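J.:
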Amino acid sequence: MLKSPSVPLRSPQRGIALAICLLFSAATSAAEDPAALVKRGKQLYVAQCASCHGDQGQGVNERYEEPLYGDLAAEDLARVIHETMPDEKPEECVDQDALAVAEYMIGQFYTAEARAKNQPPRITLSRLTVEQYDNVLSDLVSHNDRIQLPKGKPGLKAQYYNARNTKADKLVIERVDPKIKFDFGQGSPDEKIGKEEFSINWSGLVIADETGDYEFTVATGNGVKLYVNDDRKPLIDGWVSSGGERRELTESIHLLGGRSYRLKLNFFKHRDKSASVELMWKPPHRPRQVIPSRSLRDQYTRPLFVSTTPLPPDDASFGFPRGTAVSKSWDEATTAAAVDAAAAIVAQIDRLAKTKPDAADRREKIIQYCGQFVERAFRRPLDDEQRKFFVESQFAATDEIGEAVKRCVILTLKSPRFLYPTTPFGEVDSYDVASQISFGLWDSIPDQRLLKVAKDGQLMKPDAVRKEVVAAVGDARTRAKLRGFFRRWLSLERAEEMSKDSEQYPQFSPELVADLRLSLDLFLEDVFWGDAPDYRRLLLSDTMYVNQRIADFYKIPHPKDKDSDDGERFVSVSLKGEPRAGVVTHPLVLSALAYHNDTSPIHRGVFVTRNLLGRVLNPPPIATVFEAAAFDPHLTMREKVSELTKSSQCQGCHHVINPLGFSLENYDAVGQYRTTEKDRKIEAASDYKSVSGKVIRLEGARDLALHAAESEAAQKGFIRQLFEHLIKQPPAAYGADTLDRLHASFVENNFNVRELMVDIVTIAAVHR
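Numbering (mature numbering (1 follows the signal peptide of the UniProt record, and there is no 0)), first residue to last: -30 to -1, 1 to 738.
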């Protein structure tokens, strides 16, 4: 169902409590003719509810502004109405009257299905999101085409010279170094190299998995220069050595996730008493470490443009980032970014336009390049009027070529034709389809292949569209976008600054958290991009990627890592001795959904309800802080939560949340499996009432995972969330039956998540 905030039906406490209760799907009563029941329910709703909640439950300003949406069954919704409506006079709507109102609401607007039928959502006019803007600007300025996955050997190409200079006749060794962490002491790298002076050049590329600021550090007592994404200006310049005394030189650079960047490290020793060098980085939300070999390749790549202008965050109130808000700060930020992009283009205009400063046809070639730039920015060919306005008139206005280029670029990047990637208006043509494919998979503009097939008119048939979607999936940017989806689906933002009680869990270090993040990433990558891309594996697999540090902490059998002194090697191991279940019990997920010293069935239950089962939950009626000290210390966490949420006001939601959270109580605050708490056997079993009204016995995590894997509602919830992440629109905007069609195909394809992604982008691209 579409994720949407729900609304209070009455007073700030009782009303909000009701809104939070509106969670579960519908059933009707046979005590009265259904049509008559609904008709009477409409009359009662209009008379007693609409003044506060709107005629379609949309909310009323300065009364109850949140929409009145949910997925409660009719009898459950009727019970809430019976007890709380109307405000101050709940006795006026009870029993069959309450049921009548519930049936009317469910059929008219309360459920996502009713809204899709009676108030079908439309494709919303949206600007570029922050992530899309940064990606598009990089691809435009850098003139990127399809971005392949990094190739080559892990590590950096190394050239060792028997001299301070790097003349070819002094080259002694060429090899690939997996990582840069050397202490030569008073000696040299090789017997063929003298001790007094030598130099080493490392080159290749570094892979950024996520967007953010990366802090690079070179630790050395000798001369070094580090270049990252720039061959001309070093990020770190420590060419004047410190005589062998170790020092740390640190600088930061903003990088986009899913891309590889040029990296060079030049090092020399000249009469210093010793030689050593170590290349480290601190990626976003991770501790500093020696750059591992998996993040390095011995290949070449040219520098990329990366905008450093921060944009205001996107609206994520619907559960996914949307480019719907346009503000003064956003306008100013996009202007600043456009100015920076224009300057970057002018600085390399001869290379981009394939000309030379003294070429006789330089001006013509630069004008030609600018025309191509505008076409790529607008994602379609220019007509004569557009070419005159955006290109020719800018060069006619000045004789200074650099100024004309700046005018053209800034005018283009501030145009709505650039800033709004798709519009819900007018006829759809092949170029619109090409844009939907590229933005759906890459959050960026179409490449040359997509533009060519669009020009040839090949993108107006579903089969041809699907063929291009399948081909585009292999782009490295698709993997980056999928990492973003899993980060949101699994609420991994909670793990970014996670810490635990150092006395209770002394070995739970930032390094272990970073290892767990990589462990989860490797598992997700294996499932989604491996040979068996089955949705059910995400939830039911009993395997986990571990290195030595994870294995030691969680007491998992693991072959000793003889090849690495920092536990870099990860292997997939089966955890048959514990009831593990894919992402449901991965230690990173469970640790993030816990307190610093104890579990949190509420956090875990809310996560499972919303993210894994795809159900609707609203904010709590009263902000209540869980304070462990307020309870008898002999109580278990289950007993504390049961006591805290026992009121009817809380039970509207917690009769769903608690059983789901309790089923994970066999895993402590750091995700370690346990069978006892406070010397008492843990009781993880509970009865859970599903969205269909069926009561399901959950004995623990495996039962929970099985239900999520087998539940049609949960499967549709996963599909909906993936659709919203890829397309930035709700599925129902592409047809009321879109979710059902996608689910039917999902089942037919044995829950293949890659095929699901292809289906989603294809449906969005061919929608008319």
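The beta carbon of each residue, even a glycine, is placed where N, CA and C say it ideally should be.
Only a predicted model underlies this, so the values are computations on that prediction, with no experimental measurement involved.
1. With a CB to CB cut of under 6 angstroms and the five nearest residues on each side skipped, what residues in its chain are close to Ala312?
2. Does the segment 410 to 426 come into contact with the segment 447 to 462, if we say contact requires no fewer than three beta-carbon pairs (one atom in each stretch) closer than 8 angstroms?
3. Starting from the C-beta of Arg346, find all residues in its chain whose C-beta is less than 7 angstroms away, skip the five residues before and the five after it, and write them out in chain order.
4. Would you mind listing the alpha helix (DSSP H) stretches within the segment 546 to 628 that are 4+ residues and don't spill past its ends, in chain order?
5. May I ask you to verify whether the segment 135 to 150 touches the segment 168 to 180, counting CB pairs closer than 8 angstroms and requiring at least 3?
6. For Leu509 versus Leu676, is the C-beta spacing smaller than 9 angstroms?
7. Rounded to whole angstroms, what is the Cα-Cα separation between Leu(-13) and Tyr658?
8. Kindly list the residues whose CB is nearer than 6 angstroms to the CB of Cys340, restricted to its own chain and excluding five residues on each side of it in sequence; keep chain order.
9. Could you check if Asp729 is buried or exposed, using at least 16 other CB atoms within 10 Å of its CB as the buried criterion?
10. Could you please give the first and the last residue of the uninterrupted beta strand (DSSP E) stretch that includes Asp183?
11. How long is the line joining the alpha carbons of Gly670 and Tyr643, rounded to whole angstroms?
12. Restricting to Cα atoms, I'd like to know which of Ser405, Gly228, Phe237, Glu180 is closest to Asp207.
13. Look up Gln518 in the DSSP assignment and say whether it is helix, strand or coil.
14. Would you please state the rounded distance, in angstroms, between the beta carbons of Leu316 and Gly372? I believe it to be under 8 angstroms.
15. Quick one: using the 10 Å Cβ neighbour count with 16 as the cut-off for buried, is Cys(-10) buried or exposed?
16. When you compare the CB positions of Asn517 and Glu538, do they come within less than 9 angstroms of one another, or not?
17. Starting from Gly705 and walking both ways along the alpha helix (DSSP H), at which residues does that stretch end?
18. In three-state DSSP terms, what is Trp209?
19. For a test of the three-state rule: what should DSSP assign to Gly214, helix, strand or coil?
20. Given a threshold of 16 other Cβ atoms within 10 Å of its Cβ, counted over all protein chains shown, does Asp354 qualify as buried or as exposed?
21. Measuring only the C-alpha atoms, how far is Phe632 from Asp673?
22. Nearest by alpha-carbon distance to Leu266: which of Thr594, Lys140, His255, Gly125 is it?
23. Suppose you measure from the CA of Asp399 to the CA of Leu421; what does that come to, to the nearest Å?
24. Does His625 pass the burial test, meaning 16 or more other C-beta atoms within 10 Å, or should it be called exposed?
25. With a threshold of 16 other CB atoms inside 10 Å of the CB of His604, please say whether the residue is buried or exposed.
26. Just to check my reading of the structure: Ala639 and Tyr565 have Cβ atoms closer than 8 angstroms, yes? What is that Cβ distance to the nearest angstrom?
27. Could you check whether the segment 330 to 340 touches the segment 301 to 311, counting it as contact only if at least three pairs of C-beta atoms, one from each stretch, sit closer than 8 angstroms?
28. When the Cα atoms are used, what is the spatial distance from Pro476 to Ala521?
29. Counting only the same chain and skipping the five closest in sequence on each side, list residues whose C-beta sits under 6 angstroms from that of Pro253.
30. Give the DSSP-derived three-state secondary structure of Gln642 in the structure shown.
31. Quick check for students: name the residue ranges of the beta strand (DSSP E) that lie wholly in the segment 652 to 680, counting only runs of 3 or more.
32. For Gly193, which three-state DSSP category applies?
33. Which class does Tyr270 belong to by DSSP, given the choice of helix, strand or coil?
34. The beta strand (DSSP E) with Arg232 in it runs from where to where?
35. What residue from Ala683, Gln621, Arg650 has the CA that sits closest to Gly584's CA?
36. On the DSSP letters alone, give me the boundaries of the beta strand (DSSP E) that Asp354 sits inside.
T.: If we stick to the structure as given:
1. Taken in chain order, the residues that qualify are Lys376, Val379, Ile380.
2. In this structure the segment 410 to 426 touches the segment 447 to 462; the number of beta carbon pairs closer than 8 angstroms is three or more.
3. If we look at Arg346 and ignore the five residues flanking it on each side, its Cβ neighbours are Leu110, Ile415.
4. Segments of the alpha helix (DSSP H) lying fully in the segment 546 to 628: 557 to 562, 571 to 577, 607 to 614.
5. Yes, they touch.
6. Yes, the Cβ-Cβ distance between Leu509 and Leu676 is below 9 angstroms.
7. With a pLDDT of 38 at Leu(-13), under the threshold of 50, the predicted position of this residue should be treated as unreliable, and no value is reported.
8. The beta carbon of Cys340 is closer than 6 angstroms to those of Val361, Cys378 in its chain, skipping five residues each way along the sequence.
9. Asp729 is classed as buried because its beta carbon has at least 16 other beta carbons within 10 Å across all chains shown.
10. Following the DSSP letters along the chain, one finds Asp183 inside the beta strand (DSSP E) bounded by residues 182 to 190.
11. Between Gly670 and Tyr643, the C-alpha separation is close to 12 angstroms.
12. Checked all of Ser405, Gly228, Phe237, Glu180; the closest Cα to Asp207 is Phe237.
13. Three-state result, Gln518: helix.
14. Note that residue 316 is Val in the sequence shown here, rather than Leu. Their Cβ separation, rounded to whole angstroms, is 5 angstroms, which keeps Val316 and Gly372 in contact under 8 angstroms.
15. Because Cys(-10) sits at a pLDDT of 38, beneath the cut-off of 50, its placement in the model cannot be relied upon, and the following sentence gives the value as read from the coordinates. It counts as buried.
16. Yes, the pair counts as a contact, with Cβ atoms nearer than the cut-off.
17. Per DSSP, Gly705 is not a residue of any alpha helix (DSSP H), being assigned neither H nor E.
18. The three-state reading of DSSP puts Trp209 in coil, since its state is none of H, G, I, E or B.
19. Coil, per DSSP.
20. Around the beta carbon of Asp354, fewer than 16 other beta carbons lie within 10 angstroms, which makes this residue exposed.
21. One C-alpha to the other measures close to 12 angstroms.
22. Minimum Cα distance to Leu266 is reached at Gly125.
23. Taking the straight line from one Cα to the other gives about 12 angstroms.
24. Its Cβ being crowded by 16 or more others within 10 Å, His625 is buried.
25. Exposed, since its Cβ has fewer than 16 Cβ neighbours within 10 Å.
26. Indeed they touch by this definition, with Cβ atoms about 6 angstroms apart.
27. Judged by Cβ distances under 8 angstroms, the segment 330 to 340 makes no contact with the segment 301 to 311, as fewer than three pairs qualify.
28. The alpha-carbon separation between Pro476 and Ala521 amounts to approximately 16 angstroms.
29. Within the same chain, Pro253 has close Cβ partners Tyr184.
30. Three-state result, Gln642: coil.
31. Entirely contained in the segment 652 to 680, the beta strand (DSSP E) runs reaching 3 residues are, in chain order, 656 to 659, 665 to 668.
32. Gly193 falls in the strand class under three-state DSSP.
33. When DSSP states are grouped into helix, strand and coil, Tyr270 belongs to the coil group.
34. Segment 229 to 240, the beta strand (DSSP E) holding Arg232.
35. Across the set Ala683, Gln621, Arg650, the C-alpha of Ala683 shows the shortest separation from the C-alpha of Gly584.
36. Boundaries around Asp354 are those of the alpha helix (DSSP H), 354 to 357, since no beta strand (DSSP E) includes it.
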